[in-house]
Every structure is written in C-alpha cells, then in structure tokens.
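Novice: Handing you this structure, nothing more for now.
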Amino acid sequence: MHPAYLLYGPLIAKVVQSKPWDQEAMQKDAWCLHILIICALRGLMHAFWCSFCNLHSLTRKRSIHQVGVDFKQIDKEWHWDNFIILQAFMACMAYYSFPFLGNLPMWNSKGLIFALLLHVGVSEPLYYWVHRFVLHSDFMFKNYHAIHHASPVPQPFTAGHATPLEHLILGSLIGIPTLGVSLIGYGSVGMIYGYILAFDFLRCMGHSNIEVVPNWVFRIFPFLRYLIYTPTYHNLHHKEMDSNFCLFMPLFDALWNTIHKESWELHKKISTGVNAREPDFVFLCHVVDVLSSLHAPLFLRSFVSIPFENRLFLLPFWPSAFVTMLILWAVSKTFVITFYNLRGRLHHSWCVPRYGFQYFLPFAKDGINNQIEDAILRADRTGVKVISLAALNKNEALNGGGTLFVKKLPNLRVRVVHGNTLTAAVIIKEIPSDVKEVFLTGATSKLGRAIALYLSRRKVRVLMLTLSKERFQSIQNEAPKEQQSYLVQITKYEAAQHCKMWIVGKWLTPGQQRWAPPGTHFNQFVVPPIFPFRRDCTYGELAAMQLPEDVEGLGTCEYTMSRGGVHACHAGGVVHLLEGWTHHEVGAIDVDKIDIVWEAALKHGLKPVFSYP
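Position in the sequence shown counted from 1, then plus 1087, gives you the working numbering.
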C-alpha cells in the first residue's frame, strides 16, 4: 500500500470511533463515511473503465490508437488516484465550512434538475474558458498542463494524471453544482453521489482509448453530438491540442468555433471498425494457474507491468478468477490479452482459457486441441502471417509439437511455429564454453534431443536421463559416429552427483535435486519451472529473450519475465515473421537451424536473457 493512503486515516478513525447507539453522533459523523465511500467508488469507477478498455477481444476493433499503453506511460500514471485524496480534503473543508451539509436528506429530485442547470450554465462554460485560455496558454501549458498531454494513449487513469492545480480546478467545478444546489435548499446525499460519479464516468469515458458511442446514435439524433462528447472527440484534443476544449459538451466548442474538422468523420470510422487492424503475428499462450490468470491487463494495469509473483492481495480474487476461467472454458473462446507494435507489424497475444494441469488430463486432450485449432483457423482467416505456440500448447503428447494441425490443415496461409529452435539456442548459448559435461533431464523430448545432439558437436559429454534405451539409441544414432560417445544414457539421478550443470526438462522434486553437488546451476526448460529448494545452487529462469528497443505499446510483463522480456518460443515466432520465412516450424527441431535462428534473432535486435551467474 502506498503511504499516501494513510491520509485517509483521520476519516477512517472518525468513522470507527462513532457510537452506533448515539444517533446524533452518528448523523454528525456520517459525512466522513460518505466521503470514504465516494472515494472508494471513484477509484473503482476508474479501475473498471480501465479493465473494460483492456478487454481487447471485445474492444480492439474500436480502438482509437492501434497501439498499447507502454511501461513508460504506466510508470508516469502510477499514482493516478492521488487526485481522489486531494478532492477528499476539499470535501472535508466544505463540510467544515458549511456544517448543514451533514444534515442533507437522502434524496431530493429537484436537486438533480438544479445540478444539471448549474453544470450546463456554469461549470461547462467556465471549464471551457479556463481550459482554452489558461491551461493552454504558453506558460501554464509548459509548466502544468503538459503532463496531462504527455500520455500518448489516453486511458481512464490518464484522467487522474495531472498537476494538483488542475485537480483543484476540477474539484471546484464539481463543487459548483453540488454545493450550489445545497445552498439553495435542494441538496441531497443522492444528488452528491450521483453528480460526482457521473462526472467521473464521463471523464473516464472521454479518456478511454475505445469508442463506446455508436455512430447510429448521432445519425438518428444529430443534435446529440453537441450535448455529449465521445472518446474519439476528446482523443483529438489530446493529439492536436488546439481544438475540442469542452468538458463534456461539444456545444461550447461549436459556439467558439473550436471543433476539430475531423471529429465526426473520425468517430464514424472508429465506431464502425473501419480503422481496425488485424495482427501480423499471434503468440498463443495459456494460463498456468488461477492466480497467474490475474496477471492480465484487464485486472490491474500496474500489477501486470511488473513480473508475476504470488502476492497476498491476490487471494481474495481467487474465486472470481476461477469462475471467470470456467466460463471462458465453457464457451471455448480464446481471447486477446496484449498487443504491441514492432517494425510496423502488429503483434497479439491470444490466450487459451485452460489451466496448466488440464493439459495433462487425458480426457481434456481433444478439447484443448480443438481450441488451438480454432485459434489457428481464426488467425488464418484474418490474415495473420505467423502464429507461435506457447509451452503446453505444443506439447508432444498433445499434438506432436504442432504437427497435428499442419497435417490436418494443409492449406493454411498462416505459418505455425513452435519456436523451440530459438528456445534450444538460448539454452545452449547460456552454457559456458568451458563446460565439458552436462546432466540432461527430459532428454528425449524435442528440446532435449536437439540440445543433446548440438552439445555432442561441441564435444560436451551429455548425461541423458531416460529409462527408454530405444529412444536413447534413436537419438544417439542421429549423431555422427565420432560424436556418439559424447551421448551417455543414465537411469538414476545419482549418476549426476558430480555434474555441476543440470539442464532440466522434467520437473524435479526436492529429493531429486539433492543429488546435485553444491554450486550446481539448474538451467531449465520445464513448465512450470522447478522450485529453488537448494540455497547452495543457482536456478536459471525459463529461456527468454529481450525484445528490440523499438517495440511500441508494450506494457505487460509476460508471466515472470522482466519488462520487455518474452519466452524464447514467443521470440522464435517474432523472428520467423521478421525474416519472412514461409515454412512451418513444427515437430522435431532441425539441429542445423539452431545457429541460423540464433543469428537471425541477434540481427533483428533481440537479446538473450541469461541467468547463469
């Protein structure tokens, strides 16, 4: 919790110390409780609007800016809710200045009418004048208002990202109708709640990156375009800054001739989806567990902008996350969770709504493959060039590393990529050149086979843990005769007790890890990653690469990856797209292409994320 929230302490203390049996005392202190409730509702209003904007599967075609919110903007807007605290103190001052506000009735319908009149007659024109001639004057813009316009992709949280001076102005504008109506005798608690929440609702709507007002409304009722602004209308102001100055009503821009000439045409394009772009690349990921499903932009934008960790504040959300995933599972629908631009290409992450453990249930196999197939066909229909399969979506036992789909759908235009070639390259390149022996679990998997064959070419002795002599010999026979002696089959963990480089492709229990000698480094490609039980050893992360620096609109960390880092299989698909390769990368890894893919990744600015100490 940020220390600024401690400023709510006096209000909370006032509510707590109130005596429930003393009606007079309760009524006297009720205003403290109302301020706290309104502050909570205002925060939830902004959070829910932001979550809606990040429901990319529903809103992407009506996005105004075809780019996501990047880490830089998220960091700038991190304390977006400070204005709620400031305006809470303004409310406290109002209550102390006008004690009668604590005795307002719960409802007075006349108050709503007078509040609307004061808003239209005073707040709207006053804001227009202050906004245009004061905040956009050279001095005030440079020293105050520019921070609000610094966000390239407006979102509901952007509405709260401004200087204290601007929030004092907005707080005063809110106070004109609420306090004014109360002073003339028509005030009520319901009017105050309704006006403040409606004010925030419209602020959030205008700052969203999604056009929510359908075009047919203005086509049937043309006069409404002057009574209510739209996200497109307000986004033009953020972009151009010399027009569309109104608070909520374009009528005042019309009166002073400051309506942007493209306002109505652009609204038509955005609201009808004409402006929408289809992705060039899709990374098809999956859910690892219930809590990690909350690591998506539709939950908490700030939480998603840092690597995932299990945190205590997530536990209350566990039931809702579980139910949501069951619903998505029932409708069998993949959904968009993130998108970013790289070299003018639009990249999407689509999520298959399945938990990690479900991939190992025999009866779930067909259902999961059907969902993956549907996603591939959807990508093919929309013109996607490359779709890359995440860890368990390309499981050998599930679909042969994607081979099932390529054989079943021979006329695909989209290229299906498992990305394992680059994953193998990252794992191999992390191994120091002076290492002469490694211990390999998951040795007969796609990655294990490729790693073993490649290392044998480097004359590294590979201890391959497998009980199947036939599978071991099949891999050994793929190597030239002079390299076969470097591949050694072992059947017990004890045989690796003197090897300090373990490459883990199969989950290890604490008992199995204890056979590693002190100082061992666990380099791993197992999903989920193994738990770091040994304090005298080091543990590598899953194979990953850092995206190029010119990536735009990336504001989400991919699971436990650092900012800008993606799993190597994701990066493998990106390289496939950037190189313009036209082959499918499915099934067994071509060992001869490991260096080719590695060099291509480095050429395009991707950087390995090594964790070896």
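We treat Cβ as the ideally placed atom computed from N, Cα and C, and that holds for glycine.
These numbers come from a predicted model, not from an experiment.
1) Can you find at least 3 beta carbon pairs, one from the region 1410-1421 and one from the region 1345-1353, that sit closer than 8 Å?
2) Roughly how many angstroms separate the alpha carbons of residue 1565 and residue 1674, rounded to a whole number?
3) Quick check on the burial criterion: 16 or more other C-beta atoms within 10 angstroms. Buried or exposed for residue 1405?
4) Does the distance from the CB of residue 1334 to the CB of residue 1210 come in under 8 Å?
5) For a quick check, are the C-beta atoms of residue 1200 and residue 1091 less than 8 Å apart?
6) I'd like to confirm the pairing. Which residues does DSSP put opposite residue 1632 in its beta bridges?
7) How many Å lie between residue 1473 and residue 1480 at the Cα?
8) Do residue 1146 and residue 1297 have their beta-carbon atoms positioned less than 8 Å apart in this structure?
9) Quick check: the Cα distance between residue 1244 and residue 1187, rounded to an integer number of angstroms?
10) With a cut-off of 8 Å on the beta carbons, I'd call residue 1071 and residue 1476 a contact; round off their distance for me.
11) Could you spell out the range, first to last residue, of the alpha helix (DSSP H) harbouring residue 1425?
12) What do you get for residue 1135, buried or exposed, if any count of 16 or more other CB atoms within 10 angstroms of its CB means buried?
13) Between which two residues does the alpha helix (DSSP H) harbouring residue 1278 extend?
14) Leaving out five residues before and five after residue 1428 in sequence, what residues of the same chain have Cβ atoms less than 6 Å from its Cβ?
15) From the DSSP output, in three-state form, read off residue 1319 for me.
16) Touching or not, the region 1190-1199 and the region 1266-1275, by the rule of three or more beta carbon pairs under 8 Å?
17) Assuming residue 1693 contacts residue 1612 under a Cβ cut-off of 8 Å, what Cβ separation, rounded to an integer in Å, is found between them?
18) Would you report the Cα separation of residue 1437 and residue 1634, rounded to the nearest angstrom?
19) Alpha carbon to alpha carbon, how far is residue 1662 from residue 1681? Give it in angstroms, no decimals.
20) Quick one: grab the DSSP three-state call for residue 1584.
21) Using only the alpha-carbon positions, how far apart do residue 1461 and residue 1379 sit?
22) In three-state DSSP terms, what is residue 1644?
23) Residue 1158 lies in the alpha helix (DSSP H); which residues open and close that run?
24) For the putative contact between residue 1384 and residue 1643, defined by C-beta atoms under 8 Å, what is the C-beta separation to the nearest angstrom?
25) Report the residue from 1320, 1365, 1128, 1304 whose alpha carbon sits nearest the alpha carbon of residue 1347.
26) Going by DSSP, name the residue or residues bridged to residue 1551.
27) Please determine, among 1651, 1595, 1632, 1624, the residue with the shortest C-alpha to C-alpha distance to residue 1617.
28) Going by beta-carbon coordinates alone, are residue 1280 and residue 1125 separated by less than 8 Å?
29) From residue 1602 to residue 1652, what does the alpha carbon distance come to, in whole angstroms?
30) What alpha helix (DSSP H) runs, 4 residues minimum, are completely inside the region 1374-1449?
31) Going by DSSP in three states, residue 1517 sits in which element: helix, strand or coil?
32) Quick check: what's the CA-CA separation for residue 1567 versus residue 1526?
33) Between the beta-carbon of residue 1549 and the beta-carbon of residue 1574, is there less than 8 Å?
34) With distances taken between CB atoms, is the gap from residue 1485 to residue 1516 smaller than 8 Å?
35) Does the beta-carbon of residue 1224 have 16 or more other beta-carbons within 10 angstroms, so that it is buried, or is it exposed?
36) For residue 1278, count neighbouring Cβ atoms within 10 angstroms of its own Cβ and tell me buried if that reaches 16, exposed if not.
Specialist: Taking the definition as stated:
1) no
2) 16 Å
3) exposed
4) yes
5) no
6) 1653, 1695
7) 15 Å
8) yes
9) 34 Å
10) The question about residue 1071 has no answer, for the chain in this structure spans 1088 to 1700.
11) Counting along the chain, residue 1425 falls outside any alpha helix (DSSP H), though it belongs to the beta strand (DSSP E) covering 1422-1429.
12) exposed
13) 1276-1294
14) 1154, 1639, 1640
15) helix
16) yes
17) Actually they do not touch by this definition, with Cβ atoms about 18 Å apart.
18) 18 Å
19) 13 Å
20) coil
21) 24 Å
22) coil
23) 1158-1163
24) 6 Å
25) 1320
26) 1527, 1576
27) 1595
28) yes
29) 32 Å
30) 1388-1391, 1405-1418
31) helix
32) 21 Å
33) yes
34) no
35) exposed
36) buried
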